[in-house]
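Note sheet for the following structure.
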Amino acid sequence: MENVQRTIIVSCPSCGQKNRIADRAGLPCCGTCHSPLPPIPPVKPARPVWASPLAFMRYIWQKRRFPALYGYWRSWRQYTRAEQMYVAADHRFKLSEEERQRRVQEECRRQEEERQRKAQEERRRQEEKRQRKAQEERRREEERCAREDWIATHKRLQFDQLDRLTGPEFEQRLAILFRHQGYSVKLTKGSGDQGADLLLSKGNILIAVQAKRYTARVGNRAIQELLGGMIFYKCNRGMVVTTSDFTRSAKELAAKASGVELWGRSELRAHFMNAFPYDPPAFSWDAYRKLKKSFYSTS
């Protein structure tokens, strides 16, 4: 009765694995997941029939069994020791239960902290991913705008080369443009052209062209010269092409005259770019910055 030790089977509350342990094993752990197992409550010893001295004396007096005094003393000693062991085991059980609760609380707190840490890490990763995506979109948008500006600037620089041409060179360039548009082109003589620098023909249409590579605005005189050239060369239509623009009176005169078309700088650029698409050099940020710096410094 003194050295009784139980061996029982306890199921792990975490993984469900069955573990064979002894009731004096302290704070046992699961052999699979190493989680703390619930402690085993102690068993209170059974009280003997003559556990009290008065009941024993009454028993001896009735049965006349005086030699049973030694047996009484022995059973009483065993019961007392078992009672003491039970009290100690019950105290250990309460301590182990408190320790188990503390461990469970610590495990729950650790799991909660781990969950919060993972959630915070996931939020941080998502935020970094969103920022990287936004930065990549901004970079692509900036590069797209820079590429468009790169192409437009090179086209403008190509068109601005017309400003550095002489009058005959400008007429030659216009002849190439109109030939690209499907016209048959004839250049008149330089002096005494009677108001027409180029003669265009396509089918039954004959067009007189007055070319003006000016920096100032073109006035009524160019319209009047064109009208004289149309009469002289018997043209159906007339056109004044300039690298500049027209005055208000010149536009009014052309509107009243029949068959007269005006090409200012913007119209000439549009036709020029459609006829001669420009393939700019490969884009790079360094070259783009140098181009814009030189472009704005000269413009």
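Counting in the UniProt record's numbering, the sequence shown runs without a single skipped number right up to 299 at its last residue.
Each residue gets a CB set at the ideal place from its N, CA and C atoms; glycine is no exception.
Restricting to Cα atoms, I'd like to know which of the options is closest to residue i.
| i | options | result |
| --- | --- | --- |
| ARG237 | SER249, SER258, ALA222, LYS129 | SER258 |
| ASP149 | ALA82, VAL10, TRP285 | TRP285 |
| TYR233 | ALA211, THR243, LEU199, GLY203 | LEU199 |
| LEU37 | ARG102, GLN111, SER244 | ARG102 |
| residue 326 | ILE207, CYS108, ALA211, ARG140 | No answer is possible for residue 326: the residues shown for the chain start at 1 and end at 299. |
| ARG269 | MET239, MET230, CYS12, SER244 | SER244 |
| TYR275 | LYS202, TYR183, LYS293 | A small fix is needed here, since residue 275 is Ala in this sequence, not Tyr. It is TYR183 whose Cα lies nearest to the Cα of ALA275. |
| PRO168 | ARG125, SER201, LYS202, TYR214 | TYR214 |
| PHE283 | GLU143, GLU107, SER266 | GLU143 |
Give every residue of the same chain whose Cβ lies closer than 6 Å to the Cβ of residue i, excluding the five residues on either side of it in the sequence, and list them in chain order.
| i | result |
| --- | --- |
| LYS94 | none |
| ALA254 | ILE223, VAL260, LEU262 |
| THR247 | ARG217, GLY219 |
| LYS186 | LEU199 |
| VAL87 | none |
Assign residue i to one of three DSSP states: helix, strand, or coil.
| i | result |
| --- | --- |
| LYS202 | strand |
| THR80 | helix |
| GLN210 | strand |
| PHE283 | coil |
| PRO13 | coil |
| CYS30 | coil |
| SER96 | helix |
| residue 372 | In this structure the chain extends from 1 to 299, so residue 372 is not present and cannot be described. |
| SER184 | strand |
| residue 304 | Any answer about residue 304 is impossible in this case: the structure gives the chain only from 1 up to 299. |
| LEU262 | strand |
| LEU18 | Note that residue 18 corresponds to Lys in the displayed sequence, not to Leu. Correct three-state label for LYS18: strand. |
Within a Cβ cutoff of 8 Å, which residues of the same chain sit near residue i, ignoring the five residues on either side of it in sequence?
| i | result |
| --- | --- |
| THR188 | GLN194, ALA196, ASP197, LEU198, LEU199 |
| ILE205 | ASN236, ARG237 |
| VAL241 | LEU174, VAL209, GLN210, ALA211, LYS212, TRP263, LEU268 |
| ARG265 | THR242, THR243, SER244, ASP245 |
Identify, in the order they occur along the chain, each residue of the same chain with its Cβ nearer than 7 Å to the Cβ of residue i, setting aside the five sequence neighbours on each side.
| i | result |
| --- | --- |
| LYS18 | ILE9, SER11 |
| MET230 | ALA208, GLY238 |
Chain B beta carbons: is any one of them nearer than 8 Å to that of residue i?
| i | result |
| --- | --- |
| ILE207 | No chain B is present in this structure, which holds just one protein chain. |
Does the region 215 to 226 come into contact with the region 176 to 183, if we say contact requires no fewer than three beta-carbon pairs (one atom in each stretch) closer than 8 Å?
no
Contact the region 162 to 172 vs the region 225 to 232: 3+ CB pairs below 8 Å
no
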